[in-house]
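Taking my numbering, I'd label the letters of the sequence shown as residues 409 to 1050.
Ideal Cβ placement from N, Cα and C applies to all residues, glycine included.
Just so we're clear, the structure is a prediction, and the values are computed from it rather than from any experiment.
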Amino acid sequence: MTTHEPFPAEHHGGAPLSGPFWQLAVRCGLDFRRWRQICARAEKLGGNAFDLAIGEGALREEVFVSALAEHLELTFDPAPPPPLAPIRAEEAFAFRIYDARSPDGAEIKVVAPHGALATMLMRQREEGRMPATVLTTRQALLNRLISADRQSIVSKAAFRLPEAHSARHPARVHDRPLPSTRMKLLGPVLALAFAGLGFIGVAILFPLHAVVLPPLLLAPVFILAGISALTATLESTTLPLPTPPVETGKLPKYSLLVPLYHEANIVEGLTHHLQGLLYPRDRIEVFLIVEEDDSETLTALQAAPLPAWMMVFPVPAGEPRTKPRALNAALPFTSGDMVVVYDAEDQPEPDQLLRAAALFNALPAHVACLQGRLAITNVRDGFLTRRFAIDYAALFDCVKAGMGRAEWAVPLGGSSNHFRADVLKRIGAWDAWNVTEDADLGLRLARFGWRVEDLRSTTWEEAPNSMAAWMNQRTRWMKGWLQTMMVHARRPGQMIGTLGLFRAMIIASTGLAVVIGALLYPIFMTGVAVRLANPMPLGAGSALLTAADTMLVFALVIAVLVEVIPAMIALRRRRALRLAPYILLAPVTHLMVSVAAWRALFELVRKPFHWHKTTHGQGGETGGLSPITAQPAKSRDSTRTT
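Next up, the structure:
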């Protein structure tokens, strides 16, 4: 196993206006006036002039590497030879160097130079101690390293998280459990199915029992979850922490992970939105993560004019075929202090990274994650997207935001999650086998003692606008919630010990309300209908019936408040109160979610790790919601870079 020590991290910002640096700049096609501007800016930002020129688009990486090779009388090879020996790809990529063998059999070093490496190579050349070296681009180096270390990458991506914290099971064959495991999962599924059928029979034969059972069994869970949601909504109305901007030279390096799958149609829009982000280009890197057999998307990415700070990461084929596995594959190759995940169709507000950097700087170190606020672009597409917009506004602008303020465990949304990179790697990153890896990761952060906070910045997303796409997405979400609750219920005592009884009860009630509430929603509503159809007044009859009536009324009142208050507050903030009438159609969507939940339950037995991919780029007319941030964030002494 070969590893390397990194070259000294020397920086030459405003100084190299003459000598070999200026000669190299001339070879790169830069005139003196432009080079002087770049050097002055690099000195001000504390960066390297060549890195800044490449990042801001004044100089193409291929031109820089080719010119450096010519300057040093070396070879520029856009398709370098493979590593000489087994290698840790992520380490070699971090140092941007590995040992190889040339076509004539000589040992060489393959280097993808950045500015500081170029300085080191020029010094070695002057001192006459430069080893045989071939220069290449960063993307070419990455491709070669992934190919050389593919088995290790596949294994780490799937099994990075210890099994005790994962939804995977040792008894599996690809995406299907073995018969013994399937039978273990089938038991609870059949039990719930027979319970539902049994309740219908009881409702027909013994209506009074049907009236009593659902409120007494389910209402306490719904009531606790509802009170938690209302409390979180109240917390979200408090003023956010003042966050003074960070000086540009002190901004952290950001790594952006953007998974794509069969999404060639949105590559152009994606790269456009990413290039609109306001952040110094020498402090940002983007990994466009795509499965290696997704030839259509790979072709589109390779044809796109990507800047040097965007790289394509082809994920080696493996199981399970999920988004979190793809994220795990790319994460070790990142070098940022912060990591953020965006979906391919996401449109983050341009200053979102600056806001996140400022907020991280102002918050205590045990805040490990910021959850950006997700909102819908294609609100006007129809009933499904209008309801989706209401649900997202209530969830992200009120409930999740308030949960973070209250220092509760926050089940993350799948996008715009900003992490401290060291913490994310330390806790095992994403569970490759959980199809709602975001919710699971949020709970795991809390169980390891880390906090999630609200980031008051919007990322715009596209909602499914067809019933098939909507149902597939909700089925995956419900299956993931089932997986997440099964994982975190393995050691309830440990959960209470790490979170405390109160916070553990909030998470338990929320999870049960999501899962059991969706599965048994038709049963609960049947009980409500039977009771209201009964001529006996509410509160009359036996003590048991009175207790059931009390719980029923209380649960219904809480349900209405939870459905209305967060949504109305969020819609008002988004200046979209015209959507308020669609709140009344919540029972329809809850019934649809129940169908998705039952579908998810049976999928959990048949194909637990199957990922229902949401097709993007299908949305129609955009608009309908407003941003909630009034003034864009700025970094001190910064201007927009492109």
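Got a sec, what are the start and stop residues for the beta strand (DSSP E) residue i sits in?
i: THR391; result: The chain is shown from 409 up to 1050; residue 391 falls before or after that span and cannot be answered.
i: ASN673; result: Note, ASN673: premise wrong, no beta strand (DSSP E); not H, not E.
i: GLU869; result: 859 to 869
i: VAL843; result: From DSSP, VAL843 is part of no beta strand (DSSP E); its letter is neither H nor E.
On the premise that residue j lies in contact with residue i, defined as a C-beta separation below 8 Å, what is that separation, rounded to the nearest angstrom?
i: VAL519; j: LEU553; result: Contact doesn't hold; Cβ gap of about 13 Å is too wide.
i: ALA566; j: ARG733; result: 6 Å
i: ILE631; j: ILE966; result: 5 Å
i: THR679; j: LEU714; result: 6 Å
i: SER824; j: VAL723; result: The pair is not a contact, with the Cβ atoms about 21 Å apart (cut-off 8 Å).
i: LEU778; j: GLU861; result: 5 Å
i: MET879; j: ALA1004; result: 6 Å
i: ASP702; j: TYR669; result: 6 Å
i: HIS738; j: PHE695; result: Strictly speaking, residue 738 in this sequence is Ala, with His absent from that position. That pair is a contact at about 5 Å.
Pull up the distance between the alpha-carbon of residue i and that of residue j, whole angstroms please.
i: LYS731; j: VAL843; result: 8 Å
i: ARG939; j: LEU927; result: 20 Å
i: ALA502; j: ILE674; result: 30 Å
i: ASP848; j: THR793; result: 26 Å
i: SER474; j: PHE484; result: 6 Å
i: ASP839; j: ALA948; result: 51 Å
i: ARG884; j: ALA640; result: 26 Å
i: PRO1035; j: ARG980; result: 11 Å
i: TYR662; j: PRO756; result: 14 Å
i: ALA876; j: LYS1021; result: 11 Å
i: ARG911; j: ALA770; result: 25 Å
i: VAL895; j: GLY888; result: 10 Å
i: THR785; j: ALA797; result: 8 Å
i: LEU993; j: ALA711; result: 45 Å
i: ARG781; j: ALA461; result: 33 Å
i: PHE472; j: PRO491; result: 23 Å
i: ARG468; j: ARG435; result: 12 Å
i: VAL775; j: ALA975; result: 27 Å
i: ALA951; j: MET959; result: 12 Å
i: PRO628; j: LEU964; result: 11 Å
i: ILE977; j: GLY821; result: 20 Å
i: ALA524; j: ALA457; result: 10 Å
i: GLU693; j: ALA500; result: 17 Å
i: GLY935; j: ARG1014; result: 31 Å
i: ARG689; j: LEU659; result: 11 Å
i: LEU1033; j: GLU971; result: 19 Å
i: ARG859; j: LEU682; result: 27 Å
i: LEU1012; j: TRP1006; result: 10 Å
i: THR1023; j: HIS573; result: 30 Å
i: ARG828; j: TRP430; result: 38 Å
Across which residues does DSSP place residue i in a beta bridge pair?
i: ARG441; result: According to DSSP, ARG441 bridges with nothing at all.
i: SER663; result: GLU693 and VAL747
i: PHE827; result: VAL747 and CYS777
i: ALA508; result: PRO491 and ILE516
i: VAL698; result: LEU668 and PRO722
i: GLN755; result: TRP868
Tell me whether residue i sits in a helix, a strand or coil according to DSSP, three-state version.
i: ILE835; result: coil
i: THR785; result: coil
i: PHE1017; result: coil
i: PHE484; result: strand
i: PRO930; result: helix
i: GLU534; result: helix
i: PHE962; result: helix
i: THR1023; result: coil
i: TRP1006; result: helix
i: ASN942; result: coil
i: PRO772; result: coil
i: GLY850; result: helix
i: VAL1001; result: helix
Compare the C-beta of residue i against all C-beta atoms of chain D and say whether one is closer than 7 Å.
i: HIS670; result: This model lacks chain D altogether, as it is built from one protein chain only.
Could you spell out the range, first to last residue, of the alpha helix (DSSP H) harbouring residue i?
i: GLY465; result: Careful: GLY465 lies outside any alpha helix (DSSP H) and carries neither H nor E.
i: LYS731; result: 731 to 738
i: LEU647; result: Element bounds for LEU647: n/a, residue is neither H nor E.
i: ASN456; result: Taken as a continuous stretch (DSSP letters only), ASN456 belongs to no alpha helix (DSSP H), as it is neither H nor E.
i: HIS896; result: 875 to 896
i: TYR800; result: 791 to 802
i: TRP430; result: 427 to 435
i: GLU704; result: 703 to 711
i: ILE554; result: 546 to 556
i: THR906; result: 900 to 907
i: ALA809; result: 808 to 813
For residue i, is the beta carbon positioned less than 6 Å from some heavy atom of the ligand NAD?
i: MET933; result: For the structure depicted, the ligand NAD is absent and the ligand set is empty, with no information on it obtainable.
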